[in-house]
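Here the sequence shown is numbered in the numbering used here, starting from 1472 and rising by one per residue.
Even for Gly, the Cβ is constructed at its ideal location relative to N, Cα and C.
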Amino acid sequence: MGTREQELLAQLNLEPLWIPFTANRQFKANPRLLVAAKDMYYTSHDGRQILDAIAGLWAVNAGHCRAPIVEAIKKQAESIDYATGFQMHHPSAFLAAERLTQITPAGMDHAFFVNSGSEAVDTALKIALAYHRVRGEGTRNKFIGRERGYHGVGFGGISVGGMTANRKTFGGSLLPNVDHLPHTHNLEKNAYSRGQPEWGAHLADDLERLVALHDASNIAAVIVEPVAGSTGVLLPPKGYLERLRCICDKYGILLIFDEVITGFGRTGKAFAAQTFGVTPDLITCAKALTNASVPMGAVIVKKQIYDAFMTGPENAIEFYHGYTYSGHPLAAAAAIATLDLFKTEGLFQRGEELAPYWEDCAHALRGLPHVIDVRNIGLVVGIELEPIPNKPAARAFEAFLRAYQKGVLIRTTGDTIALSPPLIIEKSQIDQIFETVREVLKTLP
Ligand SMILES: Cc1ncc(COP(=O)(O)O)c(C=O)c1O
């Protein structure tokens, strides 16, 4: 440990902070702190430049501390710090909604602002329930999620989600009216797929079984991530999302795409809905909406959903839901600047153009020790490792630690390394990421 690092750590009392999704005691015994960030790099507390291979957390798609975003936040903070969004509002929230709905799939033209992905998910579920009720179909109160889905950590999100560790502790208190589709991950059939795998469209037909079991008149919505991120980059098989769309249409069930990580250029287009050519009824997003600079999320809905609420007396509140910080001025200003930056720099297109190079570099890892699958789309890749017997996730976590030592921030989930860099990445930095992963894989236990 160098002197600077010792000085910085000596001043910090690590104890009072309860760190989320982290092994607190292990971390505090050997902390990893990031103290500054610019473009593709973090500066670590021991003064090293760390290449960010995960865009913060699938979020900083335009790169870190970009001047136009920083300036927009500063300017807004100086002119208006806060305004309630209840029966009042401020201009930037409207401008942000306008910018956002300019890049959403056709017909998805209204946005409800929230502060995170988890809030976006719970809000979308509530919109779905209220939508059916306002149309006189109040019996539709069941949700269909999917195994291995991640939809944040609210009670709605963990109920429709399918990550065992996030659910088991709270099992008795999950939403009652939820069922799950099977996940689509199958290494035997689909290992080393480039883009969407061939096998598995039929797994969407399980929705027919659930409709037969529960009856469509009781089902409000189906929620899936177009690409499941947190459980290891699971791509939708060819034809799968189309079939889900078709079955939802047949029975009047709303389809929600949770695009918290797939939104804003991650898969090559603004939204994965556009990449895969399937338009849902609601989209949840967050993270890169503001380049992660200020917390913000949104639920984007089709016009007919918004219009269904705009009935009844004009002085009546149409939807009893919202957050103190919905459309917060700083978040709205950050969103406007971010969406403008994506556009002026053509970053979604840049991601799409780099994707074939990214794919080739990723698949060149095939054959290295422990690697049992590589799967990718846009600027995302999942590299699945054979687990150490009886020690799930241990091998991948060791890869994370070793890559960090070598100056590259990667992310692991279970035994999968999941990479998703900012869209401003250069080819030489792609080389550095995969070269580092390659070196790490060769030395892993
Ligand atoms: C698909 C998906 N939904 C929801 C969330 C939750 O977002 P947040 O952590 O902002 O609440 C995440 C977070 O990674 C996510 O990947």
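- At least one heavy atom of ligand 1 falls within 6 Å of the beta-carbon of TYR1621.
- In the DSSP assignment, LEU1725 is bridged to ALA1692.
- Relative to ligand 1, even the nearest heavy atom lies 6 Å or more away from the CB of ASP1593.
- According to the DSSP assignment, THR1474 belongs to the alpha helix (DSSP H) that extends over 1474-1482.
- With contacts defined by Cβ atoms closer than 7 Å, THR1914 and LYS1877 do not form a contacting pair.
- Comparing alpha-carbon positions, the option among LEU1652, ASN1762, GLN1477, TRP1489 lying closest to THR1809 turns out to be ASN1762.
- Excluding the 5 residues flanking it on each side, THR1655 has same chain C-beta neighbours closer than 7 Å at GLY1671, LEU1674, LEU1705, PRO1707, PRO1708, TYR1711, in chain order.
- Assignment of beta-bridge partners to HIS1535 by DSSP yields ASP1510.
- If you look at GLU1855, you'll find it in the beta strand (DSSP E) that goes 1851-1856.
- With respect to the 7 Å criterion, PRO1766 and SER1587 are classified as neighbours on the basis of their beta carbons.
- Going by beta carbons, PRO1576 and GLN1775 fall outside the 7 Å limit.
- Straight-line measurement puts the Cα of ALA1805 at about 33 Å from the Cα of THR1782.
- Assignment of ILE1848 by DSSP, reduced to helix, strand and coil, places it in the strand class.
- A straight line joining the alpha-carbon of LYS1721 with that of LEU1505 spans about 50 Å.
- Here DSSP, grouped into helix, strand and coil, assigns VAL1879 to strand.
- The criterion of a C-beta distance shorter than 7 Å is satisfied by VAL1693 and ILE1615.
- DSSP, reduced to helix, strand and coil, places LYS1758 within a helical segment of the structure shown.
- Rounded to whole angstroms, the separation of the alpha carbons of LYS1862 and HIS1792 is 43 Å.
- The segment 1735-1745 and the segment 1486-1506 do not touch, with fewer than three beta-carbon pairs separated by less than 8 Å.
- Counting C-beta pairs closer than 8 Å gives fewer than three between the segment 1743-1757 and the segment 1509-1521, which falls short of the contact rule.
- The segment 1629-1644 and the segment 1809-1826 do not touch, with fewer than three beta-carbon pairs separated by less than 8 Å.
- Ligand 1 approaches SER1701 closely enough that one of its heavy atoms is under 6 Å from the residue's Cβ.
- Here ALA1548 really is in contact with LEU1801; their C-beta atoms are around 6 Å apart, less than 8 Å.
- Taking the Cβ of ALA1538 as the reference point, every heavy atom of ligand 1 lies at 6 Å or farther away.
- In the DSSP assignment, HIS1651 falls within the beta strand (DSSP E) that extends over 1649-1652.
- Note on ARG1617: 16 or more other CB atoms within 10 angstroms of its CB, so buried under the neighbour-count rule.
- Looking only at ALA1874, CYS1832, TYR1828, GLY1885, the smallest Cα-Cα distance to LEU1856 is reached by GLY1885.
- For THR1883, the CB contacts under 8 Å within the same chain, skipping 5 residues up- and downstream, are ALA1864, ALA1867, PHE1868, ALA1870, PHE1871, ALA1889 in chain order.
- Secondary structure at ARG1496: helix, using DSSP grouped into helix, strand and coil.
- Taking the C-beta atoms as reference points, MET1511 is found nearer than 7 Å to GLN1900.
- The beta carbon of GLY1609 sits closer than 6 Å to no other beta carbon from its chain once the five residues preceding and following it are set aside.
- Put simply, the backbone Cα of ASN1495 is about 16 Å away from that of LEU1480.
- As far as DSSP is concerned, ALA1675 takes part in no beta bridge.
- Relative to ligand 1, VAL1731 has its C-beta within less than 6 Å of a heavy atom.
- For ILE1771, the uninterrupted beta strand (DSSP E) segment begins and ends at 1768-1773.
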